[in-house]
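Heads up, the final residue of the sequence shown is numbered 187 in the working numbering, and it's a clean run with no missing numbers.
Don't be surprised by glycine CBs; every beta carbon is placed ideally from N, CA and C.
Computed from a predicted model, the values in this text were never measured in an experiment.
What follows is a set of notes on a single structure, which appears directly below.
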Amino acid sequence: MTTLASVDTLVRQMSDDLRTELNRRGVGAPAIIGIHSGGAWIAEALHRELAPDTPLGTLDIAFYRDDVGTRGVHPQVRPSNLPFSVDDRDIVLVDDVLYSGRTVRAALNEIFDFGRPRRVLLAVLVDRGERELPVAADVVGTRITLNDGQRVKLHGPDPLELTIQDPA
């Protein structure tokens, strides 16, 4: 197992990049939504850094995954919590690792079940490439390429640590 760059450093970089992107797009009051569980941890850290007026939202996409029929539902399904209306809102969707794009697709489906946002920006801690769906992040903490069988994992919530796990 290999430990990667400091998550705190990556989150500070992401918050700076996100501020720049939001300013460039003229977004003044975004709502931040984290995908359970690692994305929610990163969203919480970004929420502290950016200090928006809107409370933090979280999604558990377990029932929205396209592989729920083959994998089953994870035993620790949490309720989604969106303490604001998503209608006509600028949303920052946050996840820990962007890989195939399927988690983001499921999160977007769930968000749209709550309403119709004005726009959704995607912020991810790690982009490891190799998409199966046409999904791209607007803000990325770091990009990595892994060997076959390796996985990147965010451990937390306190402290947050990013590791690469080699195949057993």
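With contacts defined as CB atoms closer than 8 angstroms, G160 and Q32 qualify as a contacting pair. Residue burial annotation: T164 is exposed, with fewer than 16 other C-beta atoms found within 10 angstroms of its C-beta. Residues of the same chain with a CB within less than 6 angstroms of the CB of G168, apart from the 5 flanking positions on each side, are P186 in chain order. Boundaries for I80: no alpha helix (DSSP H) harbours it, and the DSSP string shows neither H nor E there.
Shown here for V171: same chain residues with a beta carbon closer than 8 angstroms to its own, the five before and five after excluded, namely L23, V116, V145, R147, I163, L165, L181, T182, I183, Q184 in chain order.
Less than 8 angstroms separates the beta-carbon of I52 from that of L101. Nearest to L140 by alpha-carbon distance, out of L112, P98, P71, is L112.
Annotation: the continuous alpha helix (DSSP H) that includes L127 extends over 121-133. V143 and A81 have their alpha carbons spaced roughly 19 angstroms apart. Boundaries of the alpha helix (DSSP H) around H66: 57-69. Under the three-state reduction of DSSP, D35 is assigned to helix.
Excluding its 5 nearest sequence neighbours in each direction, A64 has C-beta neighbours in its own chain below 6 angstroms: V30, listed in chain order. In this structure, DSSP gives T161 an extended state, which the three-state scheme calls strand.
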